[in-house]
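Here's the structure, in structure tokens; my notes come after.
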Amino acid sequence: MKKDIVSQSSLSRRSLLRGAAGAGLLLSAPGLIGRAHAQSGDAIRLGAPFHRTGIGASYGRWYERTANAALQLINEQGGINGMPVEMIVEDDGTDPKRGVEVMEKFATEHKVDAVFGHLYSHVVAATAPRAGELKMPYFLCSEAHTLASGAFSRYCFQPSITDVKSQVVSMAPWISNNLGKKITLIYPDFNFGYDHRDNMTAAIEAQGGEVVASIAIPPTETSFTRYMPKIPFNTEAIYHVMVGPAVLTFVKELGEHLGKNRPEIFGFIDSLEGVDMNIPQLEYLEGTYFWEAMPRYAQANQTEFDKFFREKVGVDSNGASLDDPKDIATYAHMFSVWETLFAMKAAMEKADYKGPDQKIDFLEAMESITGFEESNEFPQGDKLFNGKTHQSFGHQNISKVTDGKLDVVYRTTIEETLYPDETDYTQMSF
Amino acid sequence: MDIAPYLLLATLEGLVQASVLMLTALGLSLVFGVMRVVNVAHGEFFMVGALIAWACGVYIPGPPAVGFVIGLVVAPLFVGGLAWFADWAVLKRINYNPEGTIVSTIGMLYIIQQFALLTFGPDARAVDAPFYYTIRTPWFGYSSYKLFIIVIALALVAGLWFMLRRSKVGLLMRATQFDKETAQNFGIPVDKVYSAVFAIGAMLAAIGGVLVVPNQQAHYLMGTDPLLLSFVVVIVGGLGSIPGTIAAAVLIGLSDGLLSVFFSPTLAKIVSTLLVAIVLVFKPQGLFSGKGARA
Numbered sequence: 001m002k003k004d005i006v007s008q009s010s011l012s013r014r015s016l017l018r019g020a021a022g023a024g025l026l027l028s029a030p031g032l033i034g035r036a037h038a039q040s041g042d043a044i045r046l047g048a049p050f051h052r053t054g055i056g057a058s059y060g061r062w063y064e065r066t067a068n069a070a071l072q073l074i075n076e077q078g079g080i081n082g083m084p085v086e087m088i089v090e091d092d093g094t095d096p097k098r099g100v101e102v103m104e105k106f107a108t109e110h111k112v113d114a115v116f117g118h119l120y121s122h123v124v125a126a127t128a129p130r131a132g133e134l135k136m137p138y139f140l141c142s143e144a145h146t147l148a149s150g151a152f153s154r155y156c157f158q159p160s161i162t163d164v165k166s167q168v169v170s171m172a173p174w175i176s177n178n179l180g181k182k183i184t185l186i187y188p189d190f191n192f193g194y195d196h197r198d199n200m201t202a203a204i205e206a207q208g209g210e211v212v213a214s215i216a217i218p219p220t221e222t223s224f225t226r227y228m229p230k231i232p233f234n235t236e237a238i239y240h241v242m243v244g245p246a247v248l249t250f251v252k253e254l255g256e257h258l259g260k261n262r263p264e265i266f267g268f269i270d271s272l273e274g275v276d277m278n279i280p281q282l283e284y285l286e287g288t289y290f291w292e293a294m295p296r297y298a299q300a301n302q303t304e305f306d307k308f309f310r311e312k313v314g315v316d317s318n319g320a321s322l323d324d325p326k327d328i329a330t331y332a333h334m335f336s337v338w339e340t341l342f343a344m345k346a347a348m349e350k351a352d353y354k355g356p357d358q359k360i361d362f363l364e365a366m367e368s369i370t371g372f373e374e375s376n377e378f379p380q381g382d383k384l385f386n387g388k389t390h391q392s393f394g395h396q397n398i399s400k401v402t403d404g405k406l407d408v409v410y411r412t413t414i415e416e417t418l419y420p421d422e423t424d425y426t427q428m429s430f
Numbered sequence: 001m002d003i004a005p006y007l008l009l010a011t012l013e014g015l016v017q018a019s020v021l022m023l024t025a026l027g028l029s030l031v032f033g034v035m036r037v038v039n040v041a042h043g044e045f046f047m048v049g050a051l052i053a054w055a056c057g058v059y060i061p062g063p064p065a066v067g068f069v070i071g072l073v074v075a076p077l078f079v080g081g082l083a084w085f086a087d088w089a090v091l092k093r094i095n096y097n098p099e100g101t102i103v104s105t106i107g108m109l110y111i112i113q114q115f116a117l118l119t120f121g122p123d124a125r126a127v128d129a130p131f132y133y134t135i136r137t138p139w140f141g142y143s144s145y146k147l148f149i150i151v152i153a154l155a156l157v158a159g160l161w162f163m164l165r166r167s168k169v170g171l172l173m174r175a176t177q178f179d180k181e182t183a184q185n186f187g188i189p190v191d192k193v194y195s196a197v198f199a200i201g202a203m204l205a206a207i208g209g210v211l212v213v214p215n216q217q218a219h220y221l222m223g224t225d226p227l228l229l230s231f232v233v234v235i236v237g238g239l240g241s242i243p244g245t246i247a248a249a250v251l252i253g254l255s256d257g258l259l260s261v262f263f264s265p266t267l268a269k270i271v272s273t274l275l276v277a278i279v280l281v282f283k284p285q286g287l288f289s290g291k292g293a294r295a
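Residue numbers (UniProt numbering), protein chains in the order written: chain A, 1 to 430; chain B, 1 to 295.
Printed below as a string of structure tokens:
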């Protein structure tokens, strides 16, 4: 018996070594391939730093699928300016440090034409300055207000998804008119949460409402009962956003604490992206409201463009993968990858872009664009693009949870989402 | 909310936390008391217990209560076996050398954690509570399952107390703790006692993990917090002292509950860490460890 165990362990040690050597080879391989490919002029190469692992993994998976579908379509239609478009994906682990490293790799090793697809705001905040230093066109699919506030450089754009400020500004009137004027905010205790807190507090006060409590929750929190007593009794509506991976616990404990006589509840879909709405743990959300950039469930008045987009990325009318109904898409956000690619295509065609020598032409063409029509290329809806702040503005949706599905009850106009410019990137040098 | 119901909620939260803490800290304290081993991997045993509870909840058909009860049996057995193996494969080989055991249990921490990441994945997963019944007060609702945690923890601690004080196994453990060499001379199989103690310590942590998972979701990094708090409790209560550990768990759990409800969870952590520093400076043997208090 004892002998057996000893010989087994020595065998596994040897195979472990073998495995380690193999892993080393595998790890070095992508670099080699990348270097071999990097030649300009024959194709347009786009760097895609996706969150394949880490806390953003479910977003990353769907961002990658969406990008693949969009590129396939672009290449079927003849590419950009007659050149095929290639995508090089690197995993950034949803980690700011790794995000910067990947950006450097795209610039120096893969020598890509542009980088697109970053989502998580802390990764973006770390990567954007490096992109500016490397003079690498950097297209965000994030939501942070940082870009439009003027903190980044002339190389950064967000041509598809709107920023938090614009979302909040357009939601506040509806919330105060329909749900209540005394609001309790529950938000994550970091930058993204403060964007919500500051903008929402200002917006609700402008409506004659009042924030009766602001509850910041550390992003690693696992139990929420202790925060619940801070919700005042006179709260008319609870506003909650992105409470981290423990969102199911949050909802359950909110239900236990408040019971049936709850105030109105309004949340941002971000924390429930990739999560099935129709599960027992989320029953308490029935009858509550959510912000969605693009409705997860196909609506009665579904546009032909939404239908086309779902078909191309492989998502059914419930927002789940066609291959696996349990694999729920991050549908309210992932359209931004699709639309961003078509926005880049539009700018490159406008500049008759052939290679990195025309980088400035490409960026100036992007700045000169004023918006996009609702189409197969822009299935979320028409957009207004502000060349000065590099930020786009679009329609927002408010959906109600009804029978475990999300039904859109209000769609804002683009005018409702606007706010005065806070910067002018066109005044900066390249 | 008025002050009285607020206080009630804070006390309940504190007691629930104290119960889980009592189980995990007792495991840590027992292992240190008898073996003089500082088990840094203790939190990972807690985490493995929680993951097994999740697996039982998902893969065993029938109502959630069935999966929960099976988890409550299987998790400590599996984790106990794992600890027994770790003791045999590592700790015994380095003769329970104090520095060596710290480093090797750090190694175990990473091995177990990364193995959990590879098999279980990085997502937090929810587990259904064995029963849903919300106790409604005029001010707030409270999950009856949380009160059930307190009951189970008290029963287990009473059982452990009885075992240590009244059974032969307990006698052997106490003899080993008191003086290892004399115990060996009297024919006590110290090696086996060590293995058993290490396994029992890990089992207590695993039960803590099973109990907590319907409240918190299972996650591969969930072992860190209980480990830190257990160390706090064990230091405040006096290393190796069972009654001291129990008293300190209630003290820390309640103060944590009250402070985090009334002020903020961060302040609660600051206060308990400060308490450790004060205890270490003024009463390094622990607040509750008199001469007669050793279990």
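C-beta: ideal position from N, C-alpha, C; glycine also.
Applying the 10 Å Cβ sphere with the 16-neighbour rule, what's the burial state of residue 427 of chain A? If you draw a 10 Å sphere on the C-beta of residue 427 of chain A, you find fewer than 16 other C-beta atoms in it, and that means exposed.
Return no unless some Cβ of chain B is closer than 9 Å to the Cβ of residue 121 of chain A. No, its Cβ sits nowhere closer than 9 Å to a Cβ of chain B.
Residue 6 of chain B versus chain A: which residues are under 9 Å apart at the beta carbon? The contacting residues are 229.
So, is residue 413 of chain A buried or exposed, given that buried needs 16 or more other C-beta atoms within 10 angstroms? Only exposed fits residue 413 of chain A, as fewer than 16 other CB atoms lie within 10 angstroms of its CB.
In angstroms with no decimal places, state the Cα-to-Cα distance between residue 384 of chain A and residue 343 of chain A. Taking the straight line from one Cα to the other gives about 12 Å.
Should residue 430 of chain A be labelled buried (16 or more other beta-carbon atoms within 10 Å of its own) or exposed? Classification for residue 430 of chain A: exposed.
Using a 10 Å radius around the Cβ and a threshold of 16 neighbouring Cβ atoms, would you call residue 389 of chain A buried or exposed? Taking all protein chains shown into account, residue 389 of chain A has 16 or more neighbouring C-beta atoms within 10 Å of its C-beta and is therefore buried.
Any C-beta of chain B within less than 8 Å: which residues of the region 126 to 153 of chain A qualify? Nothing from the region 126 to 153 of chain A brings a Cβ to less than 8 Å from some Cβ of chain B.
Determine the contact status of residue 162 of chain A and residue 392 of chain A, defining contact as a CB-CB distance below 9 Å. Their beta carbons are under 9 Å apart, which means residue 162 of chain A touches residue 392 of chain A by this criterion.
Mind pulling the chain A residues with CB within less than 9 Å of residue 13 of chain B? The answer, in chain order, is 223, 225 and 226.
So, using beta-carbon positions, are residue 100 of chain A and residue 126 of chain A closer together than 9 Å? In contact: residue 100 of chain A and residue 126 of chain A (Cβ atoms closer than 9 Å).
Rounded C-alpha distance that separates residue 261 of chain B from residue 61 of chain B: In a straight line, the C-alpha of residue 261 of chain B is about 37 Å away from that of residue 61 of chain B.
Taking DSSP as the reference, what is the three-state secondary structure of residue 257 of chain A? When secondary structure is reduced to three states using DSSP, residue 257 of chain A falls in the helix class.
Kindly list the residues whose CB is nearer than 6 Å to the CB of residue 192 of chain A, restricted to its own chain and excluding five residues on each side of it in sequence; keep chain order. Within the same chain, 121 come within 6 Å of residue 192 of chain A by CB-CB distance, once the 5 residues on both sides are set aside.
Is it the case that the region 21 to 29 of chain B contacts the region 231 to 248 of chain A, given that we only count it when at least three CB pairs across the two stretches are under 8 Å? Judged by Cβ distances under 8 Å, the region 231 to 248 of chain A makes no contact with the region 21 to 29 of chain B, as fewer than three pairs qualify.
Where do the N-terminal and C-terminal ends of the beta strand (DSSP E) with residue 118 of chain A fall, by residue? Boundaries of the beta strand (DSSP E) around residue 118 of chain A: 114 to 118.
Whole-angstrom distance between residue 366 of chain A and residue 297 of chain A, CA atom to CA atom: Each residue's Cα considered, the two are about 32 Å apart.
To which residues of the same chain is residue 50 of chain B closer than 7 Å at the C-beta, ignoring the five residues directly before and after it? Cβ within range, chain order: 209, 210, 212, 213, 218 and 222.
Complete runs of the alpha helix (DSSP H) confined to the region 205 to 280 of chain A [at least 4 residues]: Given a length threshold of 4 residues, each whole run of the alpha helix (DSSP H) inside the region 205 to 280 of chain A is given here in chain order: 247 to 258.
Just the C-alpha distance for residue 279 of chain B and residue 228 of chain B, rounded to the nearest angstrom, thanks. Those two C-alpha atoms are separated by around 16 Å.
Near-chain B residues of the region 197 to 215 of chain A - C-beta to any C-beta below 8 Å: Under the 8 Å Cβ criterion, the region 197 to 215 of chain A contributes no residue.
Quick one: is residue 117 of chain B buried, meaning 16 or more other Cβ sit within 10 Å of its Cβ, or exposed? By the neighbour-count rule (16 or more Cβ atoms within 10 Å), residue 117 of chain B is not buried but exposed.
So with Cβ pairs under 9 Å, would you call residue 321 of chain A a contact of chain B? It does not; no Cβ of chain B falls within 9 Å.
Distance, residue 341 of chain A Cα to residue 38 of chain A Cα: Unreliable placement is indicated for residue 38 of chain A, whose pLDDT of 46 sits below 50; the coordinate value is still reported in the next sentence. Whole-angstrom Cα-Cα distance: 21 Å.
Unbroken stretches of the beta strand (DSSP E), 3 residues or longer, contained in the region 189 to 261 of chain B: Contiguous beta strand (DSSP E) elements confined to the region 189 to 261 of chain B do not occur, taking only those with 3 or more residues.
Counting along the chain, where does the beta strand (DSSP E) carrying residue 291 of chain A start and finish? 289 to 292 is the extent of the beta strand (DSSP E) around residue 291 of chain A.
The region 27 to 41 of chain B in contact with the region 102 to 118 of chain B per 3-pair CB rule at 8 Å: Judged by Cβ distances under 8 Å, the region 27 to 41 of chain B makes contact with the region 102 to 118 of chain B, as three or more pairs qualify.
Opposite residue 274 of chain B in the DSSP bridges: which residues? Residue pairing of residue 274 of chain B in beta bridges, as defined by DSSP: absent, with no partner found.
Where do the ends of the beta strand (DSSP E) carrying residue 393 of chain A lie? Run containing residue 393 of chain A: 391 to 394, per the beta strand (DSSP E) assignment.
Distance between residue 168 of chain B and residue 202 of chain B (C-alpha atoms, nearest Å): Taking the straight line joining both Cα atoms gives about 21 Å.
Could you spell out where the alpha helix (DSSP H) holding residue 327 of chain A opens and where it closes? Looking at the DSSP string, residue 327 of chain A is not in any alpha helix (DSSP H), and its letter there is neither H nor E.
Under 9 Å between the Cβ atoms of residue 118 of chain A and residue 138 of chain A? Yes; because the gap between Cβ atoms is below 9 Å, this pair is in contact.
Chain-ordered chain B contacts of residue 330 of chain A [CB-CB under 8 Å]: The contacting residues do not exist; residue 330 of chain A stays about 14 Å from chain B at best.
Quick check on residue 87 of chain B - is its C-beta less than 9 Å from some C-beta in chain A? Chain A, which has no Cβ nearer than 9 Å to the Cβ of residue 87 of chain B, makes this no.
Nearest chain A C-beta to residue 22 of chain B closer than 9 Å, yes or no? No, no contact with chain A.
Assess, as a yes-or-no matter, whether the region 77 to 97 of chain A is touched by the region 47 to 54 of chain A under the definition of 3 or more beta carbon pairs within less than 8 Å. Short answer: they touch.
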